[in-house]
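Asker: Below you will find the structure I want to go over with you.
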Amino acid sequence: AQRVTQPEKLLSVFKGAPVELKCNYSYSGSPELFWYVQYSRQRLQLLLRHISRESIKGFTADLNKGETSFHLKKPFAQEEDSAMYYCALKGTGGFKTIFGAGTRLFVKA
Amino acid sequence: NAGVMQNPRHLVRRRGQEARLRCSPMKGHSHVYWYRQLPEEGLKFMVYLQKENIIDESGMPKERFSAEFPKEGPSILRIQQVVRGDSAAYFCASSSGTSGSTADTQYFGPGTRLTVL
Chain A
123 AQRVTQPEKL LSVFKGAPVE LKCNYSYSGS PELFWYVQYS RQRLQLLLRH
173 ISRESIKGFT ADLNKGETSF HLKKPFAQEE DSAMYYCALK GTGGFKTIFG
223 AGTRLFVKA
Chain B
412 NAGVMQNPRH LVRRRGQEAR LRCSPMKGHS HVYWYRQLPE EGLKFMVYLQ
462 KENIIDESGM PKERFSAEFP KEGPSILRIQ QVVRGDSAAY FCASSSGTSG
512 STADTQYFGP GTRLTVL
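Taken in sequence, the protein lines are chains A and B. Heads up: the first sequence runs through residues 123 to 231, numbered per this note's numbering. Heads up: the second sequence runs through residues 412 to 528, numbered per this note's numbering.
Listed below in structure tokens is the structure:
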């Protein structure tokens, strides 16, 4: 079955601390993995995708096929990173996107 | 470019009524996706449409739900004879394509919150 699991509903860290939002997936084929973010009162938007291998707003995510994980990391959290983060999966060449339940990140001053 | 537009933003219906949700994709986008989000859950894929065609409706409930994306005008998600369990946030997204590094990036609308009394 195709599934995306985000084990933490809420993650609270202090400003300047490292942060890691966990994402595990189950998919039989070759997936594309994404992280989406929704800031307060804003729309859901794409943060990054694994095929781009880029760092956005200091965040990175590495696809680990052996552990079927795509954890989102940032070495030094900022207050403006407080938001809802969703991990998502799509089959390569496909269009149906499967979302995790989301993790709310709260960065404390 | 105003982005993906959805209306209404909030919709209240009584059980048994029809709900009609509209989505106008970004300019130049011909691919539309509908998702449903129940409280404390992630977005659940419902249907994917291109102009005048339903490509994948595997996430749509078998009854009462239908979607269209006509040649002219917005995409419509229609729910007939609504029940309390239909109360949710419904999100629409659009893209310019389905594959490639950026063509399949989905841009989301603000959502329509449906409440069934």
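For glycine and all other residues, C-beta sits at the position ideal for the given N, C-alpha and C.
1. Please compile the residues from chain B whose C-beta is within a distance smaller than 7 Å of the C-beta of Lys-179/A.
2. At 3 residues or longer, and completely inside the stretch 438-525 of chain B: list those beta strand (DSSP E) runs for me, N to C.
3. Among Phe-181/A, Arg-165/A, Ala-231/A, whose alpha-carbon lies nearest the alpha-carbon of His-193/A?
4. For Lys-218/A, which residues from the same chain have a beta carbon less than 6 Å from its beta carbon, with the 5 sequence-adjacent residues on both sides left out?
5. Identify each residue in the stretch 210-224 of chain A for which the Cβ-Cβ distance to at least one residue of chain B is less than 9 Å, and report them in chain order.
6. Work out the CA separation of Leu-143/A and Thr-190/A for me, nearest whole Å.
7. Would you verify that the beta carbon of Arg-165/A is, or is not, closer than 8 Å to some beta carbon of chain B?
8. Can you give the beta carbon distance from His-442/B to Gln-461/B, rounded, assuming they're within the 8 Å contact cut?
9. In chain order, what residues of the same chain lie with their CB nearer than 8 Å to the CB of Ser-152/A, ignoring the 5 residues before and after it?
10. Return no unless some Cβ of chain A is closer than 8 Å to the Cβ of Leu-454/B.
11. Between which two residues does the beta strand (DSSP E) holding Asn-146/A run?
12. Using the Cα positions of Arg-495/B and Pro-140/A, report the straight-line distance between them to the nearest angstrom.
13. So, with DSSP's three-state summary, where would you put Ser-134/A?
14. Tell me the DSSP secondary structure of His-193/A in three-state form.
15. My output table needs one value for Ser-174/A: the three-state DSSP class, helix, strand or coil.
Answerer: For this structure:
1. Within 7 Å Cβ-Cβ: nothing; Lys-179/A doesn't reach chain B, min ~16 Å.
2. 442-448, 454-461, 464-467, 476-479, 486-490, 499-506, all fully within the stretch 438-525 of chain B.
3. The residue with the shortest Cα to Cα distance from His-193/A is Phe-181/A.
4. Cβ contact annotation for Lys-218/A (same chain, cutoff 6 Å, sequence separation greater than five): none.
5. Within the stretch 210-224 of chain A, those residues whose Cβ lies closer than 9 Å to any Cβ of chain B are, in chain order, Ala-210, Lys-212, Thr-214, Gly-215, Gly-216, Phe-217, Lys-218, Thr-219, Ile-220, Phe-221, Gly-222, Ala-223, Gly-224.
6. Each residue's alpha carbon lies about 14 Å from the other.
7. For Arg-165/A, the answer is yes, since a Cβ of chain B falls inside 8 Å of its Cβ.
8. The beta-carbon distance between His-442/B and Gln-461/B, rounded to whole angstroms, is 6 Å. This is short enough to meet the 8 Å contact definition.
9. Counting only residues of its own chain and dropping the five nearest sequence neighbours on each side, Ser-152/A has a CB closer than 8 Å to the CB of Gly-213, Thr-214.
10. The beta-carbon of Leu-454/B is placed less than 8 Å from the nearest beta-carbon of chain A.
11. Unbroken beta strand (DSSP E) run through Asn-146/A: 146-148.
12. Spanning the two alpha carbons is a distance of roughly 42 Å.
13. Three-state result, Ser-134/A: strand.
14. His-193/A: coil per DSSP, three-state reduction.
15. The answer is helix: DSSP assigns Ser-174/A an H, G or I state.
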